[in-house]
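Chemist: I have a structure here, written as structure tokens, and I will follow up with some questions on it.
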Amino acid sequence: MRTPIVAGNWKMNKTAAEGTALVRAMMADLMAIPEVQTVFCPPFLAVPDVARLIQGSTLAIGAQDLYWEESGAFTGEVSPVMVTEFCQYVIIGHSERREYFGEKDQEVNKKVIAALAQGLTPIVCVGETLALRDEGRTETWVRDQVVAALQNVSAEETAGLVIAYEPIWAIGTGRAATPEDAEQVCGEVVRATIADLYDQATAEAIRIQYGGSVNPGNAEEIMIQPNIDGGLVGGASLQAESFAAIVRSTASAKGLI
Ligand code: 13P
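Using our numbering, you'd call the opening residue of the sequence shown number 1 and step up by one each time.
Below, the structure is given as structure tokens:
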């Protein structure tokens, strides 16, 4: 049985003070649901304060990005070594980074390898645009993104990481994928690709999240899908009640509470 994982991607929201207040407001509720691994992904400047707040709890913290070099003259970047000081997870290749900051598959792969080398668990994001979906290219697109992200990553490393399937048309739009469509891509595309690249055991072990307009109203029907092991939540992770409700629905959907 894979431990479900729900991560809140705060994106460019919350100062350090606002972030700690948000976490304080839901910590107790989330710690009462240890069956689900809950991860906060604040902006870098809020990471140390949130990390201190949740230290020693069942909750975890993730960065939203990193650079692949360990140190050096890379103004504005944050290295995997710096991230490991506070974080256990790191989001890599989010569609917003790909779209607005020109991040390519090859860079995503370098970041995955660098994160793994420091013992971080990457949450690797993949997903198609509406145009690709309308052209019937979702499966090949997502498969290619998974293959590219995992170049030179071993079966053992892959088994431990997280892939987030986030259809771009569902992000921040209020229009989530149907549970059936999300399950189809997570199972028949992402997990099947891992089985092809490695083996069945690796495919069974890897955790696959769905992301894109997850909210307390649709979380249960999405999380009940067998190939969906949790969610990567944007907007709804910025409010204590809605994020805690999504984590609770995930535990309930998986029959854990
Ligand atoms: P929303 O939940 O706001 O649609 O964002 C999803 C997302 O991009 C999480 O990484």
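For glycine and all other residues, C-beta sits at the position ideal for the given N, C-alpha and C.
Being a predicted model, the structure only gives us computed values, none of them experimental.
1) Quick one: any contact between the segment 89 to 104 and the segment 123 to 130, if contact means 3 or more CB pairs under 8 Å?
2) So with Cβ pairs under 9 Å, would you call Glu156 a contact of chain B?
3) Could you please give the first and the last residue of the uninterrupted beta strand (DSSP E) stretch that includes Gln37?
4) Counting only runs that start and end within the segment 202 to 251, where is the beta strand (DSSP E) found for 3 or more residues in a row?
5) Less than 9 Å between the beta carbons of Val78 and Glu70, yes or no?
6) For the putative contact between Gly211 and Ala164, defined by C-beta atoms under 8 Å, what is the C-beta separation to the nearest angstrom?
7) Name the residue from Gln209, Glu35, Gly136 and Glu188 whose alpha carbon lies nearest to the alpha carbon of Gly230.
8) So which of Arg52, Lys254, Ser252 and Arg248 has the shortest CA-CA distance to Asp29?
9) Which residue's Cα is closest to the Cα of Glu157: Ala205, Glu220, Pro34 and Ala182?
10) Is the number of C-beta pairs between the segment 137 to 155 and the segment 190 to 201 that are closer than 8 Å three or more?
11) Measuring straight from C-alpha to C-alpha, what distance separates Gln88 and Thr38?
12) Starting from Ile92, trace the beta strand (DSSP E) both ways and give me its first and last residue.
13) Compare the Cα-Cα distances from Ile257 to each of Leu116, Trp10, Val36 and Asn109 and report the closest residue.
Modeler: Quick answer:
1) Contact holds: three or more Cβ-Cβ distances are below 8 Å.
2) Absence of chain B from the displayed structure is noted, only one protein chain being present.
3) Counting from one through the sequence shown, the residue named residue 37 turns up at place 37. For Gln37, the uninterrupted beta strand (DSSP E) segment begins and ends at Gln37 to Cys41.
4) Segments of the beta strand (DSSP E) lying fully in the segment 202 to 251: 207 to 211 and 230 to 233.
5) Here residue 78 refers to the residue found at position 78 when the sequence shown is read from its first residue. Here residue 70 refers to the residue found at position 70 when the sequence shown is read from its first residue. Between Val78 and Glu70, the gap from beta carbon to beta carbon reaches 9 Å or more.
6) Against the sequence shown, residue 211 aligns to sequence position 211. Against the sequence shown, residue 164 aligns to sequence position 164. With 8 Å as the limit, Gly211 and Ala164 qualify as a contact, their Cβ atoms being about 5 Å apart.
7) The residue you call residue 230 lines up with position 230 of the sequence shown. Nearest option by C-alpha distance: Gln209.
8) Here residue 29 corresponds to residue number 29 of the sequence shown, with the count starting at 1. When only C-alpha atoms are compared, the closest one is Arg248.
9) If you number the sequence shown from 1, residue 157 lands on position 157. For Glu157, the closest of Ala205, Glu220, Pro34 and Ala182 by C-alpha to C-alpha distance is Ala205.
10) The segment 137 to 155 vs the segment 190 to 201: in contact.
11) Position 88 of the sequence shown, counted from the first residue, corresponds to residue 88. Position 38 of the sequence shown, counted from the first residue, corresponds to residue 38. Roughly 11 Å separates the two Cα atoms.
12) The count along the sequence shown starts at 1 and reaches residue 92 at position 92. It spans Tyr89 to Ile92 - the beta strand (DSSP E) in which Ile92 sits, taken as one unbroken run.
13) Working through the sequence shown from its first residue, we reach residue 257 at position 257. Nearest neighbour of Ile257 by Cα position, chosen from Leu116, Trp10, Val36 and Asn109, turns out to be Val36.
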